[in-house]
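Novice: Got a structure here, written out as structure tokens. Questions coming.
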Amino acid sequence: MNKKNNKSNGSNGTGRAERAPPKAGEPTGRYIVAFRDDVFAEGIAALTEATGLSVFSAGDASSEDAENGAIVFDKLGVAVLDAPPEQAQQLMLMASEGSSPFLAVEPERYVEAFSELELEPASELHEDAPVSHEGQPANELREGEEQNAERQNDESQNDDAQNDRSRIDRSQDEEAPSGELTVHAEYLAGYRDSVVALVDRLLAKSKGEAKPGSPSIELPSATSWNESQFTWGLQATRTQATTATGAGIRVAILDTGFGPHSDFTGRAIVMRSFVTGQTPADGNGHGTHCTGTSCGPVAPGKKPRYGIASRASIYVGKVLSNAGSGRDADILAGINWAVENRCAIVSMSLGRPTVIGERYSTVYETAAKRALARGTLIIAAAGNESKRSLGRIAPVSAPANCPSIMAVAALTEELTVADFSCGARNGSGGEVNIAAPGVGVYSSIPRSPFYGRKSGTSMATPHVAGIAALYAQRTGARGAALWRLLLSTARRLSAPASDVGAGLAQYSPTARPSDE
Amino acid sequence: MSRAVQVSVAIDDRFLDRSDAVKNELQVRGMSIEQDLQAVGVLIGSVDAARLDELRGVAGVRDVELVGEMSISSEDHT
Chain A
52 MNKKNNKSNG SNGTGRAERA PPKAGEPTGR YIVAFRDDVF AEGIAALTEA TGLSVFSAGD
112 ASSEDAENGA IVFDKLGVAV LDAPPEQAQQ LMLMASEGSS PFLAVEPERY VEAFSELELE
172 PASELHEDAP VSHEGQPANE LREGEEQNAE RQNDESQNDD AQNDRSRIDR SQDEEAPSGE
232 LTVHAEYLAG YRDSVVALVD RLLAKSKGEA KPGSPSIELP SATSWNESQF TWGLQATRTQ
292 ATTATGAGIR VAILDTGFGP HSDFTGRAIV MRSFVTGQTP ADGNGHGTHC TGTSCGPVAP
352 GKKPRYGIAS RASIYVGKVL SNAGSGRDAD ILAGINWAVE NRCAIVSMSL GRPTVIGERY
412 STVYETAAKR ALARGTLIIA AAGNESKRSL GRIAPVSAPA NCPSIMAVAA LTEELTVADF
472 SCGARNGSGG EVNIAAPGVG VYSSIPRSPF YGRKSGTSMA TPHVAGIAAL YAQRTGARGA
532 ALWRLLLSTA RRLSAPASDV GAGLAQYSPT ARPSDE
Chain B
8 MSRAVQVSVA IDDRFLDRSD AVKNELQVRG MSIEQDLQAV GVLIGSVDAA RLDELRGVAG
68 VRDVELVGEM SISSEDHT
């Protein structure tokens with residue numbers, strides 16, 4: 052995914068490209084950068100430094116400038132630039148920093164390509180037009196949009212529309228006077244719509260009007276993930292470039308066991324089976340996948356890299372059978388084993404559905420609270436019983452519903468809450484505490500082809516466990532301090548806390564534990 | 008006729024340093040203790056289902072729960 056946007060599908064402002072008219076929703080190949088009001092000049096300087104592009108004021112730009120530089124619309128506090136996706140992604144990450152002069156960075160998209168005579172008031176257009184759909188493949192339209200596009204094609208058969216199209220086509224063929232910027236009506240309309248959509252979303256967010264499940268504005272959209280080097284999960288959690296490795300930190304993965312897997316050859320792994328009659332080897336694949344995400348190597352046998360705490364000490368406790376289920380007695384024994392072995396983190400991608408009004412388990416809570424006091428943080432999957440697309444949000448599963456166990460929700464590549472991810476329906480521990488990538492997660496599996504994708508809050512949980520190991524190594528934080536550090540560095544999302552808790556778990560190389 | 012059920016028992020914080028006394032009393036009331044998870048203060052064992060409330064009445068017992076099952080929390084494999 053995430054190829055460089057196909058510029059042949061988008062007007063470049065010069066009128067030279069031979070191509071079909073752009074469709075609504077298609078990226079133009081450029082990106083829009085919105086600057087914070089009070090640091091506009093700093094934003095321009097930062098943009099220049101980050102991209103190496105020359106910056107031109109919109110009123111002064113020539114057509115060549117428009118192609119090779121960043122065009123700044125100072126009245127709007129917005130710049131449009133042509134940057135490779137990797138560079139754009141870096142800008143998006145910068146925008147996610149609270150201190151960044153960038154408010155947001157987004158792909159510029161076509162929404163509707165009307166001629167200048169068809170321009171409607173921006174607010175009306177925004178309501179009617181399919182705008183800036185994050186999470187949608189760059190060159191695909193939603194069903195409704197396809198219908199809109201088809202309808203437009205049909206309507207273009209009438210004379211007026213034909214005339215309008217002719218005007219656009221003619222403008223593409225005309226030579227611009229020297230030094231004068233030639234801009235297509237369709238380019239202007241697409242650009243305007245993208246800016247309107249961005250501004251509307253920013254305003255809605257500032258007023259707290261963001262709809263549940265809508266994507267964050269602070270992070271790359273799905274069309275930005277390029278998994279050639281790192282999984283989207285590592286990129287979203289900002290763990291792909293850190294020098295922290297989790298070395299010296301013991302991470303227990305209580306699951307279906309582990310391996311074998313060649314990516315872990317030579318790695319010190321302590322394994323124990325709590326399942327009667329089964330060895331610690333993973334006859335399911337789930338445990339190996341989770342272990343891979345939390346503790347996989349820097350250089351796997353096959354890219355992309357999928358593991359976070361690449362040098363953490365791995366403690367595999369097989370508490371679920373090869374069939375994928377297990378008894379409370381064995382899971383509790385696994386927790387006890389992890390605490391006895393001074394594991395700083397326990398990752399548990401397991402659970403049992405709960406019902407509305409159900410209280411958490413006193414036994415699990417007691418164990419988890421004592422583990423926390425002894426420096427072992429337990430992180431567990433929030434559960435997959437929801438069917439949000441059908442309006443059903445199931446309560447957080449046990450034992451993640453214990454107050455002393457961190458409950459992890461799953462996010463899609465669009466950074467919206469996954470359809471299946473459980474939500475906070477019960478109080479007193481039944482909250483979601485944090486969220487992490489949990490759809491289409493690529494990691495290790497113990498049989499050919501040895502890598503695969505899985506979805507679930509199971510996959511989100513080891514992302515958080517891996518980040519916790521990085522923090523534990525770098526800061527020395529343990530137990531409740533580690534819990535607070537994870538939550539305080541999570542990236543806020545526009546989805547409600549009942550779905551994603553503190554937000555997307557992310558690693559910050561500079562964060563320190565609080566003194567609480 | 009009653010049946011044996013597997014249970015987990017959480018020991019109260021104030022009795023962690025006297026857990027042997029708690030275990031003895033649980034055994035007197037019919038619990039067969041299979042595992043003593045000392046690091047987290049939990050006991051695993053079995054008891055006749057009809058005597059569950061007797062276990063809950065033991066001094067130093069925070070709660071007694073039936074052992075259930077859990078499973079993996081992933082949806083699919085693509």
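Residue numbers (this note's numbering), protein chains in the order written: chain A, 52 to 567; chain B, 8 to 85.
Beta carbons: idealized from backbone N, C-alpha and C, even for Gly.
Can you tell me the Cα-Cα spacing of A17(B) and L98(A), whole angstroms?
Specialist: Whole-angstrom Cα-Cα distance: 58 Å.
Novice: Interface residues of chain A around Q13(B) at Cβ under 8 Å?
Specialist: Simply R378 and A380.
Novice: According to DSSP, is I104(A) part of a helix, a strand, or is it coil?
Specialist: Looking at the sequence shown, residue 104(A) is not Ile but Leu. Reduced to three states, the DSSP call for L104(A) is coil.
Novice: Between the beta-carbon of L383(A) and the beta-carbon of A418(A), is there less than 8 Å?
Specialist: Yes, Cβ-Cβ distance for L383(A) and A418(A) is below 8 Å.
Novice: Using a Cβ-Cβ cutoff of less than 8 Å, which residues in the same chain neighbour A430(A) once the five nearest sequence positions on both sides are dropped?
Specialist: The amino acid at residue 430(A) is misidentified as Ala; the sequence shows Ile. Only I396, V397, S398, M399, I456, M457, V459, T512, V515, A516 and A519 meet the Cβ criterion.
Novice: Return the bridge partner residues of R378(A) from the DSSP annotation.
Specialist: For R378(A), which the question treats as bridged, DSSP gives the partners E76(B).
Novice: Under the three-state reduction of DSSP, which class applies to Y493(A): helix, strand or coil?
Specialist: Reduced to three states, the DSSP call for Y493(A) is strand.
Novice: Which whole-angstrom value is the C-beta distance of L544(A) and Y522(A), which I expect to be below 8 Å?
Specialist: Not a contact, Cβ separation roughly 20 Å.
Novice: Any Cβ of chain A within less than 8 Å of the Cβ of M77(B)?
Specialist: It does; some Cβ of chain A falls within 8 Å.
Novice: Between the C-alpha atoms of P564(A) and A528(A), what's the straight-line distance to the nearest angstrom?
Specialist: So the two alpha carbons sit approximately 6 Å from each other.
Novice: Name the residue from E465(A), S479(A) and S499(A) whose alpha carbon lies nearest to the alpha carbon of W276(A).
Specialist: Of the candidates E465(A), S479(A) and S499(A), the one whose C-alpha sits nearest the C-alpha of W276(A) is E465(A).
Novice: Distance, Cα to Cα, V447(A) vs T405(A)?
Specialist: V447(A) and T405(A): Cα-Cα distance of roughly 7 Å.
Novice: Any residues in the stretch 13-27 of chain B with a beta carbon nearer than 7 Å to a beta carbon of chain A? Which ones, in chain order?
Specialist: Hits within the stretch, in order: Q13, S15 and A17.
Novice: List the residues of chain B whose Cβ lies closer than 8 Å to the Cβ of A395(A), in chain order.
Specialist: Ordered by position in chain B, no residue passes the 8 Å Cβ test against A395(A), which lies about 14 Å from the chain.
Novice: Spell out whether any CB of chain B is found under 8 Å from the CB atom of N435(A).
Specialist: At least one chain B Cβ lies under 8 Å of N435(A).
Novice: Quick check: D44(A) and T327(A), are their CB atoms within less than 8 Å of each other?
Specialist: Limits of chain A in this structure are 52 at one end and 567 at the other, which puts residue 44(A) out of reach.
Novice: Using only CA atoms, which one of L23(B), S80(B), R36(B) and S9(B) lies nearest to G52(B)?
Specialist: Comparing Cα-Cα distances from G52(B) to each of L23(B), S80(B), R36(B) and S9(B), the minimum goes to R36(B).
Novice: Mind listing which residues of the stretch 38-56 of chain B have their C-beta closer than 8 Å to chain D's C-betas, in chain order?
Specialist: Within the model displayed, chain D is absent; protein chains A and B are what it includes.
Novice: Which residues of chain A have a Cβ atom closer than 9 Å to the Cβ of E72(B), listed in chain order?
Specialist: Neighbours of E72(B) on chain A, chain order: D379, S412, T413, V414 and Y415.
Novice: In three-state terms, what does DSSP make of D215(A)?
Specialist: Low confidence applies to D215(A): its pLDDT is 34, below 50, so where it sits in the model is not reliable enough to give any reading.
Novice: I'd like to know whether the C-beta of K505(A) is nearer than 8 Å to at least one C-beta of chain B.
Specialist: With 8 Å as the cut-off, K505(A) counts as an interface residue toward chain B.
Novice: For chain B, check one thing: does any of its Cβ atoms lie closer than 8 Å to the Cβ of G569(A)?
Specialist: Since the first residue shown for chain A is 52 and the last is 567, residue 569(A) is missing from the structure and cannot be characterised.
Novice: Put R403(A) into one of helix, strand or coil per three-state DSSP.
Specialist: If DSSP states are grouped into helix, strand and coil, R403(A) belongs with the strands.
Novice: Here's the rule I'm using: 16 or more other beta-carbon atoms within 10 Å means buried, otherwise exposed. How should N31(B) be labelled?
Specialist: By the 10 Å Cβ count, N31(B) comes out exposed.
Novice: What does V14(B) pair with, by DSSP beta-bridge criteria?
Specialist: For V14(B), which the question treats as bridged, DSSP gives the partners G52(B) and L73(B).
Novice: Helix or strand or just coil, what does DSSP make of P446(A)?
Specialist: In this structure, P446(A) counts as strand in the three-state DSSP scheme.
Novice: How would you label R10(B), buried or exposed, when you count the other beta carbons within 10 angstroms and need 16 or more for buried?
Specialist: Its Cβ having fewer than 16 others within 10 Å, R10(B) is exposed.
Novice: Assuming the contact rule is C-beta atoms closer than 8 Å, L73(B) and V14(B) should be a hit. Round their C-beta distance to whole Å, please.
Specialist: Confirmed, Cβ separation roughly 6 Å.
Novice: Classify L544(A) as helix, strand or coil using the three-state DSSP reduction.
Specialist: Correct three-state label for L544(A): coil.
Novice: Rounded to whole angstroms, what's the CA-CA distance from D55(B) to A469(A)? Just pull it up for me.
Specialist: When rounded, the distance between both Cα atoms is 43 Å.
Novice: Have a look at the DSSP bridge pairing and note the partners of S499(A).
Specialist: S499(A) pairs with nothing; no bridge assigned.
Novice: If we count the other Cβ atoms within 10 Å of its Cβ and call it buried at 16 or more, is V349(A) buried or exposed?
Specialist: Flag for V349(A) reads exposed.
Novice: Whole angstroms is fine: what's the gap from L533(A)'s alpha carbon to Q138(A)'s?
Specialist: Approximately 32 Å, taken between the alpha carbons.
Novice: With a threshold of 8 Å between beta carbons, is S400(A) in contact with chain B?
Specialist: So, interface residue.
Novice: According to the Cβ coordinates, are Y502(A) and K353(A) closer than 8 Å?
Specialist: For Y502(A) and K353(A), yes; Cβs fall inside 8 Å.
Novice: How would you call D27(B), buried or exposed, if buried means at least 16 neighbouring beta carbons within 10 angstroms?
Specialist: D27(B) should be labelled exposed.
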